[in-house]
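For the record, in the sequence shown the residue sitting at position 3 is 3 according to UniProt numbering, with numbers rising by one throughout. For every residue, glycine included, the Cβ atom is placed at its ideal position computed from N, Cα and C. Given the structure is predicted, the values throughout are model-derived calculations rather than measurements.
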Amino acid sequence: MKGQIHQVDCAVCSDGRSPAGLFLDALKKGAWDRTGRAEPSDEQIDDYHWFLNALRHWANTGEPVYRDAVKALDEGVWEFRHGDKRLTFFDTDGSGGYTPKLPIQRHAEADAPDSEFWQIPNFDRLIRLGHAFTKVGQKTPQHDLAESQRVREEDLGHDRSARSDVDR
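If you want it as structure tokens, here you go:
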């Protein structure tokens, strides 16, 4: 999705899969469930449209659709949040480069001090969607944080590999 501020794409793993793409495709059909036991759900189709709208809004404004729709997780990985569904994201220069963007703690250091979302830093133009999961407790499970970071590293490696192929 290309917007005025960001281009939002799905991250690619080393095996060619795109976890975010699989998540969004399953939601569109009302059939997303990591256990594989869920019956198709109209609610998930609504969730699919929510995520598309949230991603479009982010791409065009660089801001979430509302305050709690985006949250920082760990080491520069963030998440889009809707109900119990989470979709992680990170930014990149598109060549395999990555600088973790952390939440801004002090208003005086804000990249956008006039925004109600001043705690959100300015991200690179390219945003990559990574790992999707269902959150069932207060804290994000460690295995979901690790999976989010694994997807990020594999996607950045994919970019570096594609760049080196072009340079040859």
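Can you give me the start and stop residues for the beta strand (DSSP E) that residue i sits inside?
i, result
"F117", "Where F117 is concerned, there is no enclosing beta strand (DSSP E), given that its DSSP letter is neither H nor E."
"L73", "V70 to D74"
Please identify the residue among the options whose C-alpha is closest to the C-alpha of residue i.
i, options, result
"T134", "Q142, T99 and I127", "Q142"
"R128", "A59, P64, I120 and R81", "A59"
"P121", "H131, G130, A132 and A108", "A108"
"S161", "G137, H131 and G97", "G97"
"K28", "T140, V70 and I45", "I45"
Taking 8 Å as the limit between beta carbons, can you name the residues of its chain near residue i, skipping five residues before and five after?
i, result
"Q123", "The sequence as given places Phe at residue 123; Gln does not occur at that position. Contacts found: H6, G62, D91 and K101."
"S95", "D159, R160 and R163"
"G83", "D47"
In the DSSP output, which residue or residues are listed as bridge partners for residue i?
i, result
"A132", "L87"
"R81", "R86"
"I127", "V8 and D91"
In its own chain, which residues sit with a C-beta less than 7 Å from the C-beta of residue i, not counting the 5 before and 5 after it?
i, result
"Q74", "In the sequence under discussion, the amino acid at residue 74 is Asp, which differs from the Gln named in the question. Contacts found: L145."
Starting from residue i, trace the alpha helix (DSSP H) both ways and give me its first and last residue.
i, result
"A11", "From DSSP, A11 is part of no alpha helix (DSSP H); its letter is neither H nor E."
"L52", "D42 to T61"
"P19", "P19 to K29"
Check the C-beta distance from residue i over to residue j and give it rounded, since I have them as a contact under 8 Å.
i, j, result
"A11", "D155", "4 Å"
"V77", "Q149", "6 Å"
"G130", "T88", "4 Å"
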